[in-house]
Structures are given as C-alpha cells and as structure tokens.
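Q: Chains as they are written, first to last, in this note's numbering: chain A, 32 to 151; chain B, 32 to 151. Note that CB positions come from ideal geometry on N, CA and C, so glycine has one too.
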DNA sequence: GTTTTATATAGTAAAACTACTATATTCAAA
DNA sequence: TTTGAATATAGTAGTTTTACTATATAAAAC
C-alpha cells in the first residue's frame with residue numbers, strides 16, 4: 032500500500048539504483064551481512080568468508096565509494112563497518128523474504144510463478 | 032535483529048544478488064514501481080515513463096529472464112506485470128527508507144555518516 | 001635494519017551492461 | 001492485400017564489472 036502515498040522521488044531512484052546495484056553481488060551481500068555483527072578487518076573478512084584479499088579490498092573500496100561502508104584505520108589494519116542503517120534495513124528485508132520463502136508462504140519457484148494481480 | 036536467527040542461506044544469496052543487481056538501474060526501478068499499479072503494455076510504459084521502446088523491451092526482457100516480471104500476450108500487445116510479491120516487498124522497503132530519510136529520522140547525508148555500531 | 005603482516009593499488013583480459021539504430025514479426029485495420 | 005501499430009530482435013560501440021596476478025606501502029615484530 033505504499034504505492035501512491037509514498038511515491039518514490041526521482042532523486043531517490045538514483046540513490047536506490049546505485050545501492051541496489053552495488054548490493055547485487057554475492058560476495059558483497061556476504062560481506063555486508065557479515066558486517067552486521069560489527070566492524071571487521073579486511074583480514075577477518077578475507078579469512079572468514081574465504082575470499083581472496085584483493086577481492087575483498089576491491090569490494091570494500093566499491094562499497095565505500097558508494098557509501099555503503101565506512102572504515103577506520105588502526106596501525107596497519109582497517110576496520111570496516113556498515114555506513115548506514117539503510118543497508119541493514121534492506122538486508123532484513125531480504126531475510127524476511129527468505130523466511131517467507133522457506134516457510135512456503137510465498138513461492139519463489141519461478142517458471143511456475145502465478146500472479147494475476149489486480150487486473151481491472 | 033534478524034542477524035543470527037534468520038541466517039541468509041548460500042543459495043538465497045545467489046538469488047538475492049541477481050534480483051538486487053537487476054533492480055539496480057533507474058529505468059528498471061521506475062518500471063517496476065509503475066507495474067505496482069497492475070499490468071501494463073510495453074507501449075504504456077514507453078509513453079508514460081518516456082523511455083524509448085527498444086529500451087523498455089530490453090529492460091523487460093532482462094527482468095523476465097531474471098524472473099522479476101511475467102507477461103501475457105494479447106494480439107500484438109504484451110501485458111507485463113510483477114512476477115512476485117518479493118519485488119514489491121523490496122520496493123516498499125525502499126519507500127520506507129525514503130520516508131525515514133525525508134523525515135530526517137535517518138541521515139543519508141553520508142561523508143558525515145557516523146556509525147559506531149556495537150564495537151565490543 | 002630486516003623481515004613479516006595487513007592492505008591497498010595497478011594492471012588486465014573477459015564478461016556483462018547500456019543506449020541506440022535499424023529491422024523483423026505479427027496482428028489488426030482499411 | 002496493403003498499411004499501420006505494437007513489440008521483439010539484431011547488431012554494436014562504449015562503459016562497467018569481475019576476477020586475478022603482481023606489486024607497492026606502511027606499520028609491527030624480530
């Protein structure tokens with residue numbers, strides 16, 4: 032029902048697109064989800080998520096450019112964390128969806144997807 | 032708090048990434064949002080959103096491949112609609128976020144973004 | 001001082017996306 | 001049966017992403 036009352040503004044569409052696009056990569060989703068537990072160093076992400084270090088840095092750099100993560104430096108280590116609750120909100124949204132899919136409340140089967148919608 | 036209880040499954044991450052990435056384009060967000068009002072023909076989208084027809088078809092094809100939209104053909108016209116509530120859920124999530132940003136409840140200012148998180 | 005450790009950066013080839021133009025296809029209409 | 005309307009497709013040049021390898025930096029540890 033958030034359809035007509037909360038019309039997505041043109042300016043926001045740009046931001047939303049950029050955020051969604053950036054979040055649209057398996058590794059980055061994993062990283063963001065991992066960061067929900069609090070700030071982590073590149074090495075922790077690298078080891079715990081089993082991703083190559085340069086790849087991790089690359090993803091983090093992209094996400095930093097797009098304001099998804101921030102970091103603080105301490106000696107030779109960089110501690111990254113989520114930049115905004117916005118990101119968590121989306122992640123939770125995805126989690127909710129997953130829950131409904133797992134519980135069978137929704138069909139995510141596709142190919143068989145039926146959706147008549149309110150066709151007048 | 033959907034962190035540890037509802038762990039995002041590896042399989043879902045793939046789907047989520049594909050969906051988010053696909054939604055990560057201004058035109059496609061506009062189209063999806065437009066389709067929330069019910070099914071529309073290519074021509075309607077083309078005219079109402081002021082997007083070139085081939086571009087619209089291109090986006091719709093991609094979104095169909097990624098199971099975001101479905102369509103039914105009637106004569107020479109194609110009626111497109113959203114394939115799953117999943118998509119609406121995400122859109123609503125984005126709308127909510129926008130609402131909070133507009134109301135100043137959150138800062139989306141970035142660059143100034145502060146986020147200490149629960150640093151132990 | 002020299003060697004690790006922790007990260008960022010450069011460089012790059014292959015793949016995917018974007019935005020267009022031109023054209024084919026299929027119905028509907030005259 | 002020719003025309004026009006509604007869409008899909010093909011083709012393509014330019015731009016981003018991706019995924020790696022190699023390397024530069026800077027702080028720590030010896």
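Please go through the region 62-138 of chain B and give each complete beta strand (DSSP E) segment of 3 or more residues, from N-terminal end onward.
A: Here the runs fully enclosed are 100-105, 108-113.
Q: Mind checking whether residue 47/A and residue 50/B have CB atoms under 9 Å apart?
A: In the first chain, residue 47/A corresponds to position 16, counting from 1. In the second chain, residue 50/B corresponds to position 19, counting from 1. No, they are not a contact pair.
Q: Mind checking the region 39-60 of chain B against chain A and listing, in chain order, the residues whose C-beta falls within less than 9 Å of any C-beta there?
A: Of all residues in the region 39-60 of chain B, 39, 40, 41, 43, 44, 45, 46, 47, 48, 49, 50, 51, 52, 53, 54, 55, 56, 57, 58, 59, 60 have a Cβ within less than 9 Å of some Cβ in chain A.
Q: Does the region 62-74 of chain B come close enough to the region 68-82 of chain A to have 3 or more Cβ pairs within less than 8 Å?
A: At 8 Å Cβ cutoff, the stretches do not touch.
Q: In angstroms, rounded to a whole number, what distance separates the CA positions of residue 98/B and residue 105/A?
A: Reading the second chain from its first residue, position 67 is the one you call residue 98/B. Reading the first chain from its first residue, position 74 is the one you call residue 105/A. Taking the straight line from one Cα to the other gives about 44 Å.
Q: Alpha carbon to alpha carbon, how far is residue 87/A from residue 84/B? Give it in angstroms, no decimals.
A: Taking the first residue of the second chain as position 1, residue 84/B is located at position 53. Taking the first residue of the first chain as position 1, residue 87/A is located at position 56. Approximately 39 Å, taken between the alpha carbons.
Q: So, are the CB atoms of residue 56/A and residue 52/B less than 9 Å apart?
A: Taking the first residue of the first chain as 1, we reach residue 56/A at position 25. Taking the first residue of the second chain as 1, we reach residue 52/B at position 21. Yes, the pair counts as a contact, with Cβ atoms nearer than the cut-off.
Q: What does a CB cutoff of less than 8 Å around residue 41/B pick up in its chain, not counting 5 residues either side in sequence?
A: Indexing the second chain from 1 puts residue 41/B at position 10. Contacts found: none.
Q: Quick check: the Cα distance between residue 91/B and residue 108/A, rounded to an integer number of angstroms?
A: Position 60 of the second chain, counting from 1, holds the residue named residue 91/B. Position 77 of the first chain, counting from 1, holds the residue named residue 108/A. About 45 Å.
Q: In the structure shown, what three-state DSSP assignment does residue 140/A receive?
A: For the purposes of this step, residue 140/A is identified with residue 109 of the first chain, where counting begins at 1. Residue placement at residue 140/A is flagged as unreliable, the pLDDT there being 44, under the threshold of 50; the coordinate-derived value follows with that caveat. Three-state result, residue 140/A: coil.
Q: Look at the alpha carbon of residue 120/A and the alpha carbon of residue 66/B, and state the distance between them as a whole number of angstroms.
A: Here residue 120/A refers to the residue found at position 89 of the first chain. Here residue 66/B refers to the residue found at position 35 of the second chain. Taking the straight line joining both Cα atoms gives about 23 Å.
Q: Tell me, please, whether the CB atom of residue 94/B is closer than 9 Å to any CB atom in chain A?
A: The residue given as residue 94/B occupies position 63 in the second chain. With 9 Å as the cut-off, residue 94/B does not count as an interface residue toward chain A.
Q: Excluding five sequence neighbours on each side, which residues of the same chain lie with their C-beta closer than 7 Å to the C-beta of residue 114/A?
A: Translated into positions along the first chain, residue 114/A becomes position 83. Contacts found: 98, 99, 100, 101.
Q: Can you say whether residue 133/A is buried or exposed, counting buried as having 16 or more other CB atoms within 10 angstroms of its CB?
A: The count along the first chain starts at 1 and reaches residue 133/A at position 102. Looking at its Cβ environment, which holds fewer than 16 other Cβ atoms inside 10 Å, residue 133/A is exposed.
Q: Within its chain, find whatever has a CB closer than 7 Å to the CB of residue 44/B; leave out the 5 residues flanking it on each side and keep chain order.
A: Here residue 44/B refers to the residue found at position 13 when the second chain is read from its first residue. No residues qualify anywhere along the chain.
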